[in-house]
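So that you can map any letter, position 149 of the sequence shown is 146 in this note's numbering, and since no number is skipped, the others follow by simple counting. Note that the Cβ used here is the ideal one computed from N, Cα and C, for glycine as well.
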Amino acid sequence: LKASQTSNCCSLFMDFPFGCLDVFDEKKKEKEEINLEVEKREFILDEEQHYINCWEFYNNILGEPKFWAAPMVGASELAFRLFVRQHGADICSTPMIHSNGYSKSEEYRKEYAFIEELFENEEELDRPLIVQICGNNIDEIVETAKLVEPHCDGVEINLGCPQQCAKKGFYGSFLMPYHNFLFNLVSTLYETIDIPILCKIRIFNQWEKTKELCLTLQSAGCS
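Right, here's the structure in full:
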């Protein structure tokens, strides 16, 4: 991008809402009962081919990245990503995107513009790119993943956010105990989209619990 284009690009994001907030009209809708104690769906992963695909993704699509600009709410929008790429970032993530808002609201989607939506033939300037998604509704997360799929190289499910907003919205690290739900979520995504699925997690105090969660996600198709 030319200097003038970068300046205009930066100005597009100055008024975006900052902070860990679910901006999709959460106050106006009644609080829904959330039950994640579910049965595991039937799904069998071709593990050998999956391992091959994962290494191809890391080596060929991501280019064996050494420096990854992690997702930061209120910071990792397009202008910031272009900036850090100029200073050595090999790969970038978007800010955390709420599936509830993104899957339903055109206005919400406009807040997370991709470079090809603003400038023609410049998409390679913001690649490789991972879109991070949060939520606790499989249909909404899948719909969000389908919408962002043409604009990125992979999607990442946020299972790691420990903040109060994640507790209130019941997403992020507060989903980690629900292995069957997470298996169903990741395996459904695996069967629906054609780009890799990543999962951001935190470490349990007990190593075995962490290992069990990782194996569950891996068996569902997480890369």
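Q. Looking at the unbroken alpha helix (DSSP H) that takes in S96, where does it start and where does it end?
A. In this chain, the alpha helix (DSSP H) harbouring S96 covers 96 to 99.
Q. For V152, which beta-bridge partners are listed by DSSP?
A. Paired residue(s): V128, I194.
Q: Determine the burial state of D123: buried for a count of at least 16 other Cβ atoms within 10 Å of its Cβ, exposed for fewer.
A: That one is buried.
**Q.** Among W52, A66, A67, nearest to G60 - alpha-carbon criterion
**A.** Minimum Cα distance to G60 is reached at W52.
Q: Please confirm whether K37 and N177 have their CB atoms less than 8 Å apart.
A: The Cβ atoms of K37 and N177 lie closer than 8 Å to each other.
Q. Where does the unbroken alpha helix (DSSP H) through C162 begin, and where does it stop?
A. 161 to 166 is the extent of the alpha helix (DSSP H) around C162.
(Q) Quick check on G218: does DSSP put it in helix, strand or coil? (A) It is coil, neither helix nor strand.
Q | Cutoff 7 Å; reference F40; Cβ partners in own chain excluding five residues on either side | A | Cβ neighbours of F40 beyond the five flanking positions: S184, A217.
Q) In three-state terms, what does DSSP make of S184? A) Helix at S184.
Q.
Once the 5 residues before and after R106 are set aside, which same chain residues still bring their CB inside 6 Å of it?
A. Closer than 6 Å at the Cβ level, and outside the excluded window around R106, lie Y99.
(Q) Let's test the definition: count the other Cβ atoms within 10 Å of the Cβ of P159 and tell me whether it reaches 16, buried, or not, exposed. (A) It counts as exposed.
Q | Bridge partner(s) assigned by DSSP for C89 | A | Bridge partners of C89: A66, L126.
Q) How do the region 40 to 49 and the region 60 to 76 stand: do at least 3 beta-carbon pairs fall below 8 Å, yes or no? A) At 8 Å Cβ cutoff, the stretches do not touch.
Q | Close Cβ partners of E113 (< 6 Å) along its chain, the five nearest in sequence each way excluded | A | Counting only residues of its own chain and dropping the five nearest sequence neighbours on each side, E113 has a CB closer than 6 Å to the CB of E120.
Q | For A142 and D136, the rounded distance between their alpha carbons | A | The straight-line gap from Cα to Cα measures roughly 10 Å.
Q) Would you report the Cα separation of C162 and S170, rounded to the nearest angstrom? A) The straight-line gap separating the alpha-carbon atoms of C162 and S170 is approximately 11 Å.
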